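Student:
Protein chains in written order, with the numbering used here: chain F, 2 to 1052; chain P, 15 to 190; chain U, 307 to 542.
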């Protein structure tokens, strides 16, 4: 190998490199960064090597770096001369034979392809691979890469990082050559300044200015340092850059050396990155061998030496002064600035430190000029930034985007949203020192200033996406735990302040925090931020400050209600299922009691947790299913159906009276207090039951002639037979709850009357007002709202329904209407403006409706209803929509197209949402919120009027049965506390003794699904459409439970 | 004008703060004229009264009994004053805090004993893991540091309180 | 020849030597800025953060001990926020170790105590940590009690910069940081210690003390060391 001393030797090496990159035969390059190797790329590489050797194929095999799409690793590049480069994804060793077969036959294994690259802009160079293979998407047509601009990652995953010749082939060291020939250091600094390149380590200081300070320093020895001590959890862009393209870093530093007059460069790299260390070492050696580094670079007499130092893993050594102390052999503790490193740095000499990524931007600016660089990104922050997008997104990986790209592009477009369909809650940017940005603020452009405004930082570019399963208090606690253990201990605010912050956060996550703790935590965090010595301490409180600012309600939940909605804080939840249940049923308990063959105990357990177990056992949205840990093994335990089974078994047995008597013994002694409940729906019934069990006298008022509310008048019989509901209401009545029917409030009884007669009043009126869509034609005969329709059918009234029915909406009321209309003999089509996955209805219900013959049309927004001369509906027209940008709910906004679809019909059922008829409350001293709902204290459910409480739909808007009942239960608890002045709730629930051990052998049976009648048969009748579990099935489901409620110390 | 009800209580401390309280000389006469001492080591009452205007607490919270007592006192007192370093910082009682209680009792009652080589169990309150300042377990309105607090400081606090003012001690008393 | 410049501290115009730190300039002009890690004659480390001040036109707080004076600087050393922050820092120090002043040799002669009193601390809001830390009585003349150490590193610096013996250092990190003698030896086994006692005299609390003193008996005299250091031009 020759030293490069002039243009001809330079070009000779380039050509040699290009011949390796585009050989005359097919080429395979396996992506072997740490990420690829971790996913089995080593095995893939060896499988290729063995097979090529055995078959004697004329195929070039090489290693390359990482192309950035971590979720699709191992990535393998295949290239056939004349054709585009194709990147294959998730390649396994057993794919190797097939891939070689295809390549040998001159084909590309398109089935494994992620994307193709026709030509590649290496910025400093250009490679044309070939054309054709149109069936494979171009790389930037793949959602993950769309919008990405690879400047820093220009060579990553395309060249062999261990081969300097390939690097030269794509334009490497060309910038250095130019700089040395031009020999005008001042103009280079000027370019960097004009390009407004800002430090990519996080602080965003102007790189050009920093270089200028060093350039002007008038001492002999100067140092350049590359900070490759990447220590943020979840951030690994620097690792990949070095592993995939070490020479671009070296080139950037040599140019920096020439420009600033430094002759010594040091790369401070994490020892935990062995592959990066290895490749960098090899690259430095190669560069020296080729005369690109050392005493006489490119024969121009310029001297620059580069060495690598491995950091010992202290996070604080990412701070420049601590890093310098560490290089000097001292303890890695920061020192105050001034003096700045440019004045007195390493060994007291002028020193410049830049982050890895900053150095990668040098050669492109030199080659293409500052104007080109400034074209990308935002005016204040030009260029791109590499982010590691991790957490709860489908597509994880390294993403290089122009600065100023909105956050939502990262999360939804590049990241593809969440893996599990749950809503994204926040993004943590900037690693442990960054802040959490809530979903409502995802329009924020990602640049230094915008993030700082939200209390976060750019940092090194970590981006952790969090969804509903993340508890923001725990997130804050986690990051403080990290910075606490990484604090160097030199200054007091950071050393002791973080220790005490952690104390308060731990206390809050254990449910032992107080509201005063929040104030103290806030004070403490500000003090740490404002007075700490270095960047670590100054930014460490960011996670606390931002989560307290944007997610204060979660802190309050932990403190005031001892609840962690995400179910992360284990001390606050019995089990994931209990935590997710709006009624907080002790699910593991009733499963275990059933397992122990104690059906009556199980019933008492169930009914004391949930007074309508048979109804909810049929119609609950079962959030418990989503949280069940068993779903990590096969599928969740069918908890809803087990409590339906338990309830049905008792309600239908001759033992019913005895069991009722047993429940009655749990009732507390009479208190003499009188309570009124307005509304006999599920919310009111739940509250009435508990108030009665707590010993109060309870009267329930309802405008209808019978109890049950929506359960009776909105839910069709095939979902909930009314006999089931009757049995449950009977139990509540037997406990001593009294009812006054046909008594509307305030028409029959005024709130003032209630105020005078009762010690406490609970308002639980449902959402009986159907929302109306304002589109032409709704005045026509045959347009009917869903709820009155369902109510009329349930009351066995005659409903004039046409032959062809269109239902508008995607919620449960829409599906109920559709299935009811089917049973009345109509042909039914449901129009929904978004996609199927966005439907709020229970998925099983939608499936059942489809099985029964309902047709579904998605992405269709009603436009107008057409009528005939008789004033009757004749057709409906809908605008076909496509999906646009993500809206505040994290769903894509439907965008209308020009296409109009027409459906002939004679009835249109509107099921677009229900609301509360709030008029009664306005005149009665109850504060109403802007959204038309009653204002209550979130924790006690007290309204603005003394003695009056409200819950359920009145405060949330249309919701579902179990949510509503949860409010009834909570209201009873708080009303009782107010009436008696003591907390008696815990005494109400009887103690059961049952096995508290984790089952050694949980049943390995598959989940038992509820039985369904044949679709055609059930679609003709209002009899119940499902059949509950059998005794054996219910028992087996109970045996599938893993008992998350058992804690270590329990046995 | 009815007399204010004042209580004093002695938790884990040496009684030095009570001594210092008695050292306020002629101010005592003032106190007795304006207030009744309704509970404490200086008087006879066995049960802490229902409503007390001011309670002065000496000593750290070191045992289960201390904890229960101070919680009861807090709920029955309008103003709670931590009197002296043991109440304010947990001071000397806290010196045992970095020794596990079991080891501590062993050392004192087994290794250090001549007779009856076992920790007492009957009639002795269970030690808390840590002896802590009063404000770590209940809300404290006024802190009067000092070991013991100077009689002048106590006199100032008492006089101010009996005149219906909240004494401001910052900068007036030695801390630590 | 250092020139004179003028700066404004809390509204008052004062003269200062250019090149001096803000803290030295303020102290020379008779202004009080609290500090614990600073000691005249030793290098400044900016560790205790008690001396943070506001400088007009600077968005963040600056430690007076490591900020050089600049002509025309307008400095605020006292306001509610600074007082609150400083009190908080002192409270954190008391909560960190086991400062049982009542039994301390330096009681009533302690800089930490004096500052707490002066800044109006009457209680510590934060829960006490009660760590188990070492007491080293192995040295013939001196005692080291880490219960009272605030990690100001005056001893580390005085030993390195004035005595030149490099006996003291800080090991570990975060709240686990501890003062160590050489490579974690007992003080009595030190190979470098000259038993000069400068560390003891420099220590602001009772963490380093002479043996043979009882409670409240130990007083310290750091001034001669500062004078010596200044004479030798260690850190002017």
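C-beta: ideal position from N, C-alpha, C; glycine also. If you're wondering where the values come from, they're calculated on a predicted model, not measured in any experiment.
Check whether the Cβ atoms of residue 544 of chain F and residue 480 of chain F lie closer than 8 Å to each other.
Tutor: Cβ distance < 8 Å, so residue 544 of chain F and residue 480 of chain F count as in contact.
Student: Which ranges would you report for the beta strand (DSSP E) in the segment 147-175 of chain F if only whole runs of at least 3 residues count?
Tutor: Whole beta strand (DSSP E) segments, 3+ residues: zero.
Student: Determine, using beta carbons only, whether residue 604 of chain F and residue 648 of chain F come nearer to each other than 8 Å.
Tutor: In contact: residue 604 of chain F and residue 648 of chain F (Cβ atoms closer than 8 Å).
Student: Give the straight-line distance between the Cα atoms of residue 713 of chain F and residue 469 of chain F, rounded to the nearest whole angstrom.
Tutor: Approximately 33 Å between the Cα atoms of the pair.
Student: Which chain P residues are close to residue 429 of chain U, counting only those with a beta carbon under 9 Å from its beta carbon?
Tutor: Simply 96, 102, 103, 147, 149, 154, 157, 159, 189.
Student: Pick from F:129, F:75, F:215: whose alpha carbon is nearest that of residue 223 of chain F?
Tutor: Measuring from the Cα of residue 223 of chain F, the nearest candidate turns out to be F:215.
Student: Report the three-state DSSP secondary structure of residue 149 of chain P (helix, strand or coil).
Tutor: Here residue 149 of chain P sits in helix by DSSP.
Student: Within 10 angstroms of its Cβ, does residue 596 of chain F collect 16 or more other Cβ (buried), or is it exposed?
Tutor: Classification for residue 596 of chain F: buried.
Student: Using beta carbons (cut-off 8 Å, strictly below), is residue 485 of chain F in contact with chain U?
Tutor: By this cut-off, residue 485 of chain F is an interface position.
Student: Just verifying my parser: in three-state terms, what is the DSSP assignment at residue 61 of chain F?
Tutor: Residue 61 of chain F: strand per DSSP, three-state reduction.
Student: Touching or not, the segment 95-103 of chain F and the segment 142-154 of chain F, by the rule of three or more beta carbon pairs under 8 Å?
Tutor: They do not touch, by the three-pair rule.
Student: How about residue 406 of chain U: is its C-beta nearer than 8 Å to some C-beta of chain P?
Tutor: Yes, its Cβ sits closer than 8 Å to a Cβ of chain P.
Student: Tell me the DSSP bridge mates of residue 771 of chain F?
Tutor: DSSP output for residue 771 of chain F lists F:915 as bridge partner(s).
Student: Using a Cβ-Cβ cutoff of less than 7 Å, which residues in the same chain neighbour residue 312 of chain F once the five nearest sequence positions on both sides are dropped?
Tutor: Result list for residue 312 of chain F: 230, 269, 270, 271, 272, 318, 327, in chain order.
Student: Residue 148 of chain P and residue 71 of chain P - do their beta-carbons sit closer together than 8 Å?
Tutor: Contact: yes.
Student: Out of F:716, F:377, F:765, F:909, point me to the one whose CA is closest to residue 704 of chain F's CA.
Tutor: Here the closest residue by C-alpha is F:765.
Student: Does the CB of residue 365 of chain U have a neighbour CB from chain F at under 8 Å?
Tutor: Taking Cβ atoms only, chain F never reaches closer than 8 Å to residue 365 of chain U, which makes this a no.
Student: Is the shortest distance between the beta-carbon of residue 542 of chain U and the beta-carbons of chain P less than 8 Å?
Tutor: Caution is warranted here: a pLDDT of 46 is assigned to residue 542 of chain U, below 50, making its placement in the model unreliable, and no coordinate value can be reported.
Student: Using a 10 Å radius around the Cβ and a threshold of 16 neighbouring Cβ atoms, would you call residue 393 of chain F buried or exposed?
Tutor: When all chains shown are included, residue 393 of chain F counts as buried.
Student: Just how far apart, CA to CA, sit residue 488 of chain U and residue 335 of chain F?
Tutor: Distance between the alpha carbons of residue 488 of chain U and residue 335 of chain F is about 21 Å.
Student: Less than 8 Å between CB atoms is the rule here; does residue 337 of chain F satisfy it with respect to chain U?
Tutor: So, interface residue.
Student: For residue 423 of chain F and residue 581 of chain F, I'd like the C-alpha separation in whole angstroms.
Tutor: So the two alpha carbons sit approximately 14 Å from each other.
Student: Short of 7 Å in beta carbon distance, which residues of its chain neighbour residue 465 of chain U, apart from the five on each side in sequence? Order them along the chain.
Tutor: These residues qualify, in order along the chain: 471, 472, 473, 474, 504, 505.
Student: Under a three-way DSSP split, which group does residue 1051 of chain F fall into?
Tutor: The predicted model places residue 1051 of chain F with a pLDDT of 47, which falls under 50 and marks its position as unreliable; any figure quoted below should be read in that light. Of the three classes helix, strand and coil, the one that applies to residue 1051 of chain F here is helix, per DSSP.
Student: Can you look up residue 208 of chain F in the DSSP assignment and give me helix, strand or coil?
Tutor: Correct three-state label for residue 208 of chain F: helix.
Student: What are the residues in the segment 471-504 of chain F lying within 8 Å of chain U by C-beta distance?
Tutor: So the close ones are 485, 486, 487, 488, 489, 490, 491, 492, 493, 494, 496, 497, 498, 499, 500, 501, 504.
Student: What are the residues in the segment 509-524 of chain F lying within 8 Å of chain U by C-beta distance?
Tutor: Here the close residues are 521, 524.
Student: My output table needs one value for residue 845 of chain F: the three-state DSSP class, helix, strand or coil.
Tutor: Residue 845 of chain F falls in the helix class under three-state DSSP.
Student: My output table needs one value for residue 344 of chain U: the three-state DSSP class, helix, strand or coil.
Tutor: If DSSP states are grouped into helix, strand and coil, residue 344 of chain U belongs with coil.
Student: Does the distance from the CB of residue 644 of chain F to the CB of residue 674 of chain F come in under 8 Å?
Tutor: Cβ atoms of residue 644 of chain F and residue 674 of chain F: not closer than 8 Å.
Student: Looking at the C-beta of residue 506 of chain F, does it have a partner C-beta in chain U at a distance below 8 Å?
Tutor: Closer than 8 Å: no.
Student: Is there contact here, the segment 721-736 of chain F with the segment 751-764 of chain F, by at least three beta-carbon pairs under 8 Å?
Tutor: Output reads no: the segment 751-764 of chain F does not touch the segment 721-736 of chain F.
Student: Does the Cβ of residue 134 of chain P have 16 or more other Cβ atoms within 10 Å, making it buried, or fewer, making it exposed?
Tutor: Residue 134 of chain P should be labelled exposed.
Student: Could you spell out where the beta strand (DSSP E) holding residue 96 of chain P opens and where it closes?
Tutor: Looking at the DSSP string, the run of the beta strand (DSSP E) that includes residue 96 of chain P is 91-97.
Student: Whose C-beta lies closer than 6 Å to the C-beta of residue 430 of chain U among residues of the same chain, with five residues either side of it excluded?
Tutor: Closer than 6 Å at the Cβ level, and outside the excluded window around residue 430 of chain U, lie 397, 400, 401.
Student: Could you compute how far the alpha carbon of residue 118 of chain F sits from the alpha carbon of residue 466 of chain F?
Tutor: Going from the Cα of residue 118 of chain F to the Cα of residue 466 of chain F covers about 29 Å.
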